[in-house]
Amino acid sequence: MKVMSIFGTRPEMIKMWATLKKLDELNFDHVMVHTGQNFTPELRDFFFKDLKLRKPDYELDIDTSGYGPEVADVIIKSDALMEKVKPDALLILGDTYSGLSVLPAAHRGIKIFHMEAGLRAWDRRMPEQRNRILIDHISNILLPYNRYHRENLLREGIHPSKIIVTGNTTFEAMRAFAPEIEKSDILKRLKLEPKNYILVTAHRSENVDNPENLGNIFKALGILNQRLKREIIFPMHPRTTSKLSGIAVPPNIRIMAPLGFYDFNQLLKQAFCVLSDSGTAAEEGLFYKVPNVSLRMATERMETLESGATIVSGMEAENIVEAVTLAVSLPWGARYEFEEDYSPSAVVVNAIRTQITNFF
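Letter by letter, the sequence shown follows residues 1 to 360 of the UniProt record's numbering.
Right, dumping it as structure tokens:
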């Protein structure tokens, strides 16, 4: 039983970590493929080391110079690899361009399993949302985290027999690596005190590639630094750094290179508040009970909104400031039922084993 897994970003690695390990350990012929999306070689190696993952069997090294080349490269190179490897099944996660490998897989009759299915922000201007809808409707088996995401799929006409709720694999990884995260001395190295800084990340194209939105983020950070008297810590991907030309970056904002999994989670866990356009950061904030402001117009993680863990700010500077002020003033009252008595990744692996057996 040959299973090909394809991934290329930090969130994919975190969320797929336990499933990838199980596919290696159990009776599967597991072919691991890394696309190279959103990673420098150094950052890629850092994450493989932190997550204790073996090296991938194949590196696609896709062209990330623009939308067209990136999408084309994913489809062309994954198709060529499928011709060579001939997998029985493809496992992908989420909404990145790596997931567009479902197109050649479907063409070849390969059974497709989509982890983190069913998330909807109801805004098709977002490339991630377009990707996710396409991937969901092409995949054979949908693996949503919870009832919210399952209901989204049912509303779009997907048959219940194709949907298996798994639980959230992000939380599984965070629990598994809790001892390593706790040992991180990142606060000591940065000379920070717990709850005395604000953590920021931004990577989405609607922010990074939009000078107005990026400028508004930095304008808001400057105001927050002055108003809340807390340092701003901004681990920044090289792609975001390359977009800072012409952007007014206020003083007292510490921009640094991206961090590994342990250091970033320790930094988030001890933060006064986290501002991010990342859905994964919203989940991490929920897990650690840290107020989260989503630097977006909408979010697909409705559970973090309904639980009271996240506030969506919009992209005007004054609205970002207002959202942070509200988030940190509210008592923590988030209600969310964490999966503590079973392994979400085991549900995924069992689904693959059962469904492939029934399929062939």
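We put the CB at the ideal spot given by N, CA and C, even for glycine.
Can you tell me which residues form a DSSP beta bridge with residue i?
i           : result
R254        : I233
H159        : Beta-bridge pairing links H159 to no other residue.
M111        : A small correction: the amino acid at residue 111 is Lys; Met does not occupy that position in the sequence shown. A89.
I75         : None, per the DSSP bridge assignment.
F7          : H34
L142        : H114, I163
S294        : S276, V312
K22         : DSSP output for K22 lists no bridge partner at all.
residue 361 : As displayed, the chain neither begins before 1 nor continues past 360, which places residue 361 out of reach and without an answer.
Taking all protein chains shown into account, decide if residue i is buried (16 or more other Cβ within 10 angstroms of its Cβ) or exposed.
i    : result
W17  : buried
S205 : exposed
T354 : exposed
S65  : exposed
T241 : exposed
E318 : exposed
K219 : buried
A327 : buried
S27  : Going by the sequence as given, residue 27 is Asn instead of Ser. N27 should be labelled exposed.
M13  : buried
N252 : exposed
Q37  : buried
A178 : exposed
R147 : exposed
I247 : exposed
R125 : exposed
Y342 : exposed
F338 : exposed
Y67  : exposed
R44  : buried
E156 : exposed
M82  : buried
Rounded to the nearest angstrom, how far is the Cβ of residue i from that of residue j, given a contact under 8 Å?
i    : j    : result
A282 : R301 : 5 Å
V74  : L100 : 5 Å
L60  : S78  : 7 Å
E116 : L93  : 5 Å
I356 : M1   : 6 Å
T166 : K15  : Going by Cβ atoms, the distance from T166 to K15 rounds to 11 Å, so no, they are not a contact pair.
Y197 : E231 : 4 Å
V347 : I164 : 7 Å
T19  : V349 : 6 Å
K243 : D209 : 7 Å
Would the beta-carbon of residue i fall within 8 Å of that of residue j?
i    : j    : result
N294 : S313 : Position check: residue 294 holds Ser in this sequence, whereas Asn was assumed. Against a cut-off of 8 Å, the Cβ pair of S313 and S294 comes out as a contact.
H114 : L154 : no
K195 : Q266 : no
K55  : F48  : yes
L119 : H159 : no
H34  : F7   : yes
Y336 : S307 : yes
L221 : V200 : yes
I138 : V102 : yes
T96  : T40  : no
Go through the region 28–69 residue by residue and report every complete run of the alpha helix (DSSP H) that reaches 4 residues or more, in order.
-> 41–50
Only counting runs of 4 or more residues, tell me where the alpha helix (DSSP H) segments fall wholly within the region 179–215, in order along the chain.
-> 186–190, 205–208
Mind listing, in chain order, the continuous alpha helix (DSSP H) runs of no fewer than 4 residues lying wholly within the region 305–355?
-> 317–329
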